[in-house]
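Chemist:
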Amino acid sequence: MKKILVVFCMSLFGFVEINAQVEYKVITSVESIVSSGLGRSRLISANEEKNFEEFTSTQTEDDNTRNKSKRGEIRVKDFDETKLLNFFNLGGIRFQNIAANDAVITSKINTMVTEGWELAFVTSAVESDSGKGDGQGIFITRYIFKRNKQ
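In terms of mature numbering (1 follows the signal peptide of the UniProt record, and there is no 0), the sequence shown is residues -20 to -1, 1 to 130.
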């Protein structure tokens, strides 16, 4: 997603207009909260761009044709997958695993900052065990970065 930002700066010569394009990048951590350590936890970063308009249809009262985008066209095949540890093991919650995940995620954030990215937003959600027999759950966090496009 691109956004044009126009900034006016005051200088000795008056106002100067600076045009800067801003780009965004989303990194997602998915951490398993499945008991017994059976889940998978990863840090995911797409390396290819997709244009949402190619997969968007507009629904109206007169035209409610369903969106015919193919899943294979939407999928990203060029991405980084960094292994993280699950929150639980057979003994229960594993605090060392949480600390290890924090260290790996911090390393990714610090690397992106050195590449000129700024952490702009963080949002998270959880889908947890809903009772006997569910056995599923994830903790997902999206890190949204931005930088001026070169």
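We put the CB at the ideal spot given by N, CA and C, even for glycine.
Predicted model, so just to flag it, every value in this text is computed and none were measured.
In three-state terms, what does DSSP make of F125?
Modeler: strand
Chemist: Would you call V14 buried or exposed, if buried means 16 or more other Cβ atoms sit within 10 Å of its Cβ?
Modeler: Per the 10 Å Cβ criterion, buried.
Chemist: Check whether the Cβ atoms of S21 and N66 lie closer than 9 Å to each other.
Modeler: Against a cut-off of 9 Å, the Cβ pair of N66 and S21 comes out as a contact.
Chemist: When burial is assigned at 16 or more other CB atoms within 10 Å of the CB, is D60 buried or exposed?
Modeler: Around the CB of D60, fewer than 16 other CB atoms lie within 10 Å, so the residue is classed as exposed.
Chemist: Only counting the same chain, and skipping five residues up and downstream in sequence, which positions put a Cβ closer than 7 Å to that of Q130?
Modeler: none
Chemist: Are the stretch 3 to 11 and the stretch 120 to 129 touching by the rule of at least three beta carbon pairs closer than 8 Å?
Modeler: yes
Chemist: What does DSSP give as the partner residue(s) for F101 in the beta ladder?
Modeler: Per the DSSP secondary-structure output, F101 pairs in a beta bridge with I124.
Chemist: Just how far apart, CA to CA, sit Y32 and N77?
Modeler: Reading off the sequence shown, one finds Phe at residue 32, where the question assumed Tyr. Spanning the alpha carbons of F32 and N77 requires a straight line of approximately 36 Å.
Chemist: Please report the distance separating the alpha-carbon of I(-17) from that of A100.
Modeler: Residue placement at I(-17) is flagged as unreliable, the pLDDT there being 43, under the threshold of 50; the coordinate-derived value follows with that caveat. Taking the straight line joining both Cα atoms gives about 17 Å.
Chemist: The alpha helix (DSSP H) spanning D82 covers which residue range?
Modeler: 75 to 94
Chemist: Suppose the cutoff is 8 Å on Cβ atoms and the five residues either side in sequence are ignored; what does the same chain contact list for F98 look like?
Modeler: A small fix is needed here, since residue 98 is Glu in this sequence, not Phe. Taken in chain order, the residues that qualify are F125, K126, R127.
Chemist: Looking at the secondary structure, which residues open and close the beta strand (DSSP E) in which R22 lies?
Modeler: 21 to 26
Chemist: Quick one: using the 10 Å Cβ neighbour count with 16 as the cut-off for buried, is L64 buried or exposed?
Modeler: buried
Chemist: Given D58, which residues of its chain have a CB within under 7 Å of its CB, disregarding the five upstream and five downstream residues?
Modeler: Counting only Cβ-Cβ distances below 7 Å, and skipping sequence neighbours, we find N27, E28.
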